[in-house]
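S.K.: Can you keep this structure in mind? I'll have questions shortly.
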Amino acid sequence: MPDLTIDTNLARKILTDFIRTEITRAGFSRTLLGLSGGLDSALACYLAAEALGPGNVLAVRMPYRTSSPDSLAHAQLVIDALGVETLTIPITDMVEPLFNLHPDMENRRKGNIMARQRMIVLFDQSEVFKGLVLGTGNKTEILLGYSTLYGDSACALNPMGDLYKTQVRQLAKAMGVPEPLIQKPPSADLWSGQTDEGELGFTYAEVDKLLFLLVDQRYTPKECIDEGFEERFVHAVIERIRKSQFKRIMPPIAKLSGRTVGYDFLYLRDWGT
Amino acid sequence: MKINVAMAQINTVLGNVDRNLEKHLDLIEQARRGGADLITFPELSLTGYALQDLAPAVACHALPADPVFNQLLASSKGIDIQVGFVEEDERNRFYIATAFLSEGEVRHVHHKVYLPTYGFFDEGRFFARGESVRAFDTRFGRVGMLICEDFWHASSPYMLWLDGADLFLFASASPGRGITLPPQGAGPGRTESARWVNDIIRAYAGMFTTFVVHTNRAGFEDGVNFWGGSSAFSPDGEPLVNGVEHAEALVLAELDLGQLHRTRTRLPLLRDERTSLVQREITRITSGKDA
Chain X
83 MPDLTIDTNL
93 ARKILTDFIR
103 TEITRAGFSR
113 TLLGLSGGLD
123 SALACYLAAE
133 ALGPGNVLAV
143 RMPYRTSSPD
153 SLAHAQLVID
163 ALGVETLTIP
173 ITDMVEPLFN
183 LHPDMENRRK
193 GNIMARQRMI
203 VLFDQSEVFK
213 GLVLGTGNKT
223 EILLGYSTLY
233 GDSACALNPM
243 GDLYKTQVRQ
253 LAKAMGVPEP
263 LIQKPPSADL
273 WSGQTDEGEL
283 GFTYAEVDKL
293 LFLLVDQRYT
303 PKECIDEGFE
313 ERFVHAVIER
323 IRKSQFKRIM
333 PPIAKLSGRT
343 VGYDFLYLRD
353 WGT
Chain C
18 MKINVAMAQI
28 NTVLGNVDRN
38 LEKHLDLIEQ
48 ARRGGADLIT
58 FPELSLTGYA
68 LQDLAPAVAC
78 HALPADPVFN
88 QLLASSKGID
98 IQVGFVEEDE
108 RNRFYIATAF
118 LSEGEVRHVH
128 HKVYLPTYGF
138 FDEGRFFARG
148 ESVRAFDTRF
158 GRVGMLICED
168 FWHASSPYML
178 WLDGADLFLF
188 ASASPGRGIT
198 LPPQGAGPGR
208 TESARWVNDI
218 IRAYAGMFTT
228 FVVHTNRAGF
238 EDGVNFWGGS
248 SAFSPDGEPL
258 VNGVEHAEAL
268 VLAELDLGQL
278 HRTRTRLPLL
288 RDERTSLVQR
298 EITRITSGKD
308 A
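Protein sequence lines, in the order shown, are assigned to chains X and C. Residue 83 is where the first sequence starts when you use my numbering, and the numbers rise one by one after that. Residue 18 is where the second sequence starts when you use my numbering, and the numbers rise one by one after that.
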């Protein structure tokens, strides 16, 4: 079985340098993020505070009326520990008019609307705070497509997208993220009792090892099965990755001309900086 | 003879040659004042690394008439300079290049011969491949220059060694990747790519009983970090300096060229090298015929 242990000192150094460099070269000195009370956004907040100083970080809490009270309390632990700037902007009154138009709306639709509403609030606050929105998505959820497109995945830069969830936990521990956040089961908290692992049907510990073999180590499906993973699980995960590819790339532009953005008009975002 | 080398482990502004040139001139002056005989810059130090469609817009000619080289050549008095840039040839092919400047003259230009075009790398899409690997004479003796992927092919330093180079100047824009815990004794806080590069260049110093100076850049381009960690090794394969990683720095090393004599007396690998045998076997292998 693969070992996903990382050098947390090195990851911390590279990621804080990344945040500071990429924000300042874009002409900013501040960042903001949605602080949910979960582990990913807590770690992003720790990294941002270390990179830019706590006064340059705005943690925005955006509860919905059914959000777990623990979420607000756990976010508060992070805010208190770091001394970052903070705002609490409930989204209930923003999303419920839309829910009410469709009384039969199921949880997934509501969850997507909430995630996108939070994105709207964050990007609006970015204008006021004069900061860039920091992403909090990890490699596991990006590969599995376990996020809302233009919702929680929307950001200006993402420091954590190359760390699997189990590696996020390692780095969070090393940086002193409060223990209750590290211990509790991961949840998007979009409805009561939701947990990531319940919804996905497998644990992060399992899937991270499989993803590491498939993606990082370029194992074939058969080699993963030979390593002891259940055949059904291997194929289900591969299918999830394939089906969610659209979430990981910019929408394709229909090529008509000789030079088209994305195909043969190629520049890094850091062009000229 | 002892020489002082200053490795300018810099970050660059992507696609802005003027800003990068300014930084080069400042560091050249700083190194000269500090007593350096030679200052080395990383791969594509005048332009930044992931140029993509910017490559044609930042290209220079390593000639006195070129407005960029004109200034670099003027500052190459009393200190020699190795600089990284994009060279456009007379038929409009673009190369990843490094030039050696001394006393107002261009002594040598090397075009990168191995362009990585796999995984994260896409150099072959934008650049032409260099067609030669040659050593050249300097006031410090014979020198050979390679750029990053060039020295992942053992034949490149091998050819320079046979061509008389006693000092290898390697220039890189090496992206940091791999953050697994290091093996016991490898030291903390290094990306896997930093470990790989330092292992092989150290091996070259020892195997070729030659000085190796490696200058790698720092900073970020989009999400990619460059790990710095410029280093120099003696002909015994011993580290002379290991520069700070993940930060800009002017890394200084003193090279005692007398060490070549001492090391090669003890370990006459160059004397014993059988180039005719190598040539014979390569001819046989590449001809596809069994001897």
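Here a beta-carbon is modelled for each residue, glycine too, at the ideal position from N, C-alpha and C.
When the Cα atoms are used, what is the spatial distance from L216 (chain X) to F111 (chain C)?
M.R.: 37 Å
S.K.: In the structure shown, what three-state DSSP assignment does N138 (chain X) receive?
M.R.: helix
S.K.: Along the chain, where does the alpha helix (DSSP H) that runs through R112 (chain X) open and close?
M.R.: Segment: none, R112 (chain X) is in no alpha helix (DSSP H) and carries neither H nor E.
S.K.: What ranges does the alpha helix (DSSP H) occupy inside the region 69 to 112 of chain C, keeping only unbroken runs of at least 4 residues that lie completely in it?
M.R.: 84 to 91
S.K.: Could you list which residues in chain X have their beta carbon closer than 8 Å to that of L71 (chain C), in chain order?
M.R.: Y349 and W353
S.K.: Name, in chain order, the residues that DSSP records as bridge partners for Q276 (chain X).
M.R.: DSSP output for Q276 (chain X) lists no bridge partner at all.
S.K.: Give the single residue among C:L179, C:T155 and C:F138 whose Cα lies nearest to the Cα of L286 (chain C).
M.R.: C:L179
S.K.: Which term fits A74 (chain C), buried or exposed, when burial requires 16 or more other beta carbons within 10 angstroms of its beta carbon?
M.R.: exposed
S.K.: Please classify Y66 (chain C) as buried or exposed, where buried requires at least 16 neighbouring CB atoms within 10 angstroms.
M.R.: buried
S.K.: Leaving out five residues before and five after P192 (chain C) in sequence, what residues of the same chain have Cβ atoms less than 8 Å from its Cβ?
M.R.: F137, S210, V241, N242, F243 and W244
S.K.: Do Q207 (chain X) and I171 (chain X) have their beta-carbon atoms positioned less than 9 Å apart in this structure?
M.R.: Yes, these two residues count as a Cβ contact at 9 Å.
S.K.: Chain C beta carbons: is any one of them nearer than 9 Å to that of F284 (chain X)?
M.R.: no
S.K.: Since A93 (chain X) meets chain C, which of its residues come closer than 7 Å, beta carbon to beta carbon?
M.R.: I196
S.K.: By a C-beta neighbour count over all protein chains shown, 10 Å radius and 16 as the cutoff for buried, is M196 (chain X) buried or exposed?
M.R.: buried
S.K.: Start and end of the alpha helix (DSSP H) containing V250 (chain X)?
M.R.: Unbroken alpha helix (DSSP H) run through V250 (chain X): K247 to M257.
S.K.: Starting from the C-beta of A53 (chain C), find all residues in its chain whose C-beta is less than 8 Å away, skip the five residues before and the five after it, and write them out in chain order.
M.R.: N21, V22, A23, I96 and L269
S.K.: So what does N233 (chain C) bridge to, in DSSP terms?
M.R.: C:S189
S.K.: Verify the CB distance criterion: does F137 (chain C) have a CB-CB separation below 9 Å to chain X?
M.R.: no
S.K.: Consider the Cβ of L31 (chain C): report whether some Cβ of chain X lies at a distance smaller than 9 Å.
M.R.: yes
S.K.: Within 10 Å of its beta-carbon, does I335 (chain X) have 16 or more other beta-carbons around it, so buried, or fewer, so exposed?
M.R.: exposed
S.K.: Under 8 Å Cβ-Cβ, which residues of chain X neighbour D239 (chain C)?
M.R.: In chain order: E104, L350, R351 and D352.
S.K.: Taking Cβ positions, are L61 (chain C) and I98 (chain C) nearer each other than 9 Å?
M.R.: In this structure, I98 (chain C) does not lie closer than 9 Å to L61 (chain C) by Cβ.
S.K.: Taking I96 (chain X) as the query, report the chain C residues whose CB atoms sit under 7 Å from its CB, ordered along the chain.
M.R.: G193, N242 and H263
S.K.: Just grab the DSSP bridge partners of Q199 (chain X) for me.
M.R.: Answer is none; Q199 (chain X) lacks a bridge partner.
S.K.: Could you tell me the alpha carbon to alpha carbon distance between P151 (chain X) and A270 (chain X), rounded to whole angstroms?
M.R.: Just so you know, the alpha carbons of P151 (chain X) and A270 (chain X) end up roughly 14 Å apart.
S.K.: Which residues of chain C have a Cβ atom closer than 8 Å to the Cβ of D290 (chain X), listed in chain order?
M.R.: Those do not exist, as D290 (chain X) stays about 14 Å from chain C at its closest Cβ, beyond 8 Å.
S.K.: Which residue from X:F110, X:L164 and X:M242 puts its Cα closest to that of L97 (chain X)?
M.R.: X:M242
S.K.: Of the residues C:V160, C:L163, C:L71 and C:R159, which one's Cα is nearest the Cα of A142 (chain C)?
M.R.: First, the residue type needs correcting, since residue 142 (chain C) is Arg and not Ala in the sequence shown. If we check each option's Cα against that of R142 (chain C), C:L71 comes out closest.
S.K.: Would you mind working out which of C:D35, C:L80 and C:F187 sits nearest E107 (chain C), comparing C-alpha positions?
M.R.: C:L80
S.K.: Can you give me the C-alpha to C-alpha distance between P133 (chain C) and E166 (chain C), rounded to a whole angstrom?
M.R.: 7 Å
S.K.: Pop quiz: G206 (chain C) and G354 (chain X) are said to be a contact at Cβ under 8 Å. What is the actual Cβ separation, rounded to whole angstroms?
M.R.: The pair is not a contact, with the Cβ atoms about 31 Å apart (cut-off 8 Å).
S.K.: Where does V210 (chain X) land, buried or exposed, given buried means 16+ other C-beta within 10 angstroms?
M.R.: By the neighbour-count criterion, in which 16 or more other beta carbons inside 10 Å mark a residue as buried, V210 (chain X) falls on the exposed side.
S.K.: Can you give me the C-alpha to C-alpha distance between A155 (chain X) and I307 (chain X), rounded to a whole angstrom?
M.R.: 42 Å
S.K.: Give, in chain order, every unbroken run of the beta strand (DSSP E) that is at least 3 residues long and sits entirely within the region 263 to 342 of chain X.
M.R.: none
S.K.: With 9 Å set as the bound, which would you pick, yes or no: does the beta-carbon of I224 (chain X) sit closer than that to a beta-carbon of chain C?
M.R.: no
S.K.: Between which two residues does the alpha helix (DSSP H) harbouring A48 (chain C) extend?
M.R.: V34 to R50
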